[in-house]
Amino acid sequence: MLVSEIFSSAFGWIYFLAWSISFYPQIFVNYKLKSVEGYHLDFPFLNVSGYTFYSVCYTMGYFFPESASGTNYGIGTVKIQDLIFAYHAAVLSAYTWVQCMIYKRGKNKLSTFAKTYTVVAWVTSIGLFCLQNVFNVLPATPGFNIIIYIGYLKLGVTFFKYIPLVYWNYKRKSTAGFSIDAFTLDFAGGLFSVLQNLTDLYDGTTNRINPIKFGLGVFTMVYDTMLMLQHFVFYKNKRQKVKTSSILLGEKDPNLYSALIDDDVEAQQTSLDFEIKTTEHEVKFKE
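Here our numbering is used: the first residue of the sequence shown is 976, the next is one more, and so on.
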């Protein structure tokens, strides 16, 4: 086995683990707070359709790399890590959306754009499938077929789904209720996914980059960098307020987190009220 093949396999499993594990921190935060107010609804909503498309795309690319007519789908090489990750991500995306349906959402609402994109994606996918595979009136080519089309729809989901989340944090000037662990792992997954693509291209394993996988990795790293800057640099003081308020309460109170997420002014008043109450108790104790 070539050294490059060893690196490719290692990069593949590292990206698989990082991206797979990245779903769990936010699921845990949602469960712990019984709230999804800090996690913009567009992100998990778009993920459900996105990873469904991704699973179908990679199932066909892995088990049936060519169509019945012998046409290559144009998505490059699909590896076992890609396939397992797609299935795992689809299941956890659905589970996360269920959390969004049952937990407190506050002012967090699904955007019209997310609804429109999802409807258009499904309608056009079904329409293209019928035209190419049922009525046979539109020929499939490596550059234009139903498999690569739904792959690009997933790429579109990845490009758009982070924007509301970045804006939501900016609007609140806070990242409360948002799991930075998830997006740190997300960044690592994107990095190693890109490295695997480049390694495979370098050693001749494939004669072209998997455009969908490569694009996902690049978009992920760009947006995750923005989110990490928001969390660790721009809104660092707001994170400190959450910690301080939790200490005053003696525990991480979901109601206080909700206040911080809903309205920064109300949150500051809540923290002040607890400080006053704490002071009053201390005075009474001394008396």
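Where is the CB? At the ideal position from N, CA and C, for every residue including glycine. All figures in this text were calculated on a predicted structure; none of them were measured in a lab.
Are the stretch 1193-1200 and the stretch 1124-1135 touching, with three or more C-beta to C-beta distances below 8 Å? yes
Simplified DSSP state of Lys-1079, which is helix, strand or coil: As a first step, residue 1079 is located in the sequence shown; it is residue number 104 there, counting from the start. Reduced to three states, the DSSP call for Lys-1079 is strand.
The stretch 1082-1091 touching the stretch 1006-1018, judged by at least three CB pairs closer than 8 Å: Yes, the stretch 1082-1091 touches the stretch 1006-1018.
According to DSSP, what are the bridge partners of Thr-1116? Position 141 of the sequence shown, counting from 1, holds the residue named residue 1116. Per DSSP, Phe-1119.
Please state the DSSP three-state secondary structure of Asn-1172. Here residue 1172 refers to the residue found at position 197 of the sequence shown. In this structure, Asn-1172 counts as helix in the three-state DSSP scheme.
Looking only at its chain, what residues have a beta carbon closer than 6 Å to the beta carbon of Ala-1157, apart from the 5 residues adjacent to it on each side? The residue given as residue 1157 occupies position 182 in the sequence shown. Ser-997, Pro-1000 and Gln-1001.
Can you tell me where the alpha helix (DSSP H) holding Lys-1188 begins and where it ends? For the purposes of this step, residue 1188 is taken as residue 213 along the sequence shown, with counting starting at 1. First-last of the alpha helix (DSSP H) with Lys-1188: 1186-1204.
Coarse secondary structure for Asn-1047, derived from DSSP in three states: Taking the sequence shown and counting its residues from 1, the one referred to as residue 1047 is at position 72. Strand.
Local conformation of Ser-1068 per DSSP, three classes: The residue given as residue 1068 occupies position 93 in the sequence shown. Ser-1068: helix per DSSP, three-state reduction.
Boundaries of the alpha helix (DSSP H) in which Val-1208 is found, first to last residue: Taking the first residue of the sequence shown as position 1, residue 1208 is located at position 233. Note, Val-1208: premise wrong, no alpha helix (DSSP H); not H, not E.
Ser-1010, DSSP secondary structure in three states: Counting from 1 along the sequence shown, the entry for residue 1010 is found at position 35. In the structure shown, Ser-1010 sits in a strand (DSSP, three-state: E or B).
With Glu-980 as the anchor, note down where its alpha helix (DSSP H) starts and where it stops. Taking the first residue of the sequence shown as position 1, residue 980 is located at position 5. Start and end: 978-996.
Which first and last residues belong to the alpha helix (DSSP H) in which Ser-1030 is found? Along the sequence shown, read from residue 1 onward, the residue named residue 1030 stands at position 55. Element bounds for Ser-1030: 1017-1038.
Using 8 Å for Cβ pairs, my map puts Gln-1107 next to Ala-1115. What's the rounded Cβ distance? Position 132 of the sequence shown, counted from the first residue, corresponds to residue 1107. Position 140 of the sequence shown, counted from the first residue, corresponds to residue 1115. Yes, Gln-1107 and Ala-1115 are in contact; Cβ-Cβ is about 5 Å, under 8 Å.
Restricting to Cα atoms, I'd like to know which of Val-1094, Phe-982 and Asp-1161 is closest to Val-1023. In the sequence shown, the residue the question calls residue 1023 occupies position 48. When each option's Cα is compared against that of Val-1023, the closest is Val-1094.
Count the other C-beta atoms from every protein chain shown that fall within 10 angstroms of the C-beta of Leu-1204, then say buried if there are 16 or more, exposed otherwise. Along the sequence shown, one-based indexing puts residue 1204 at 229. Result: exposed.
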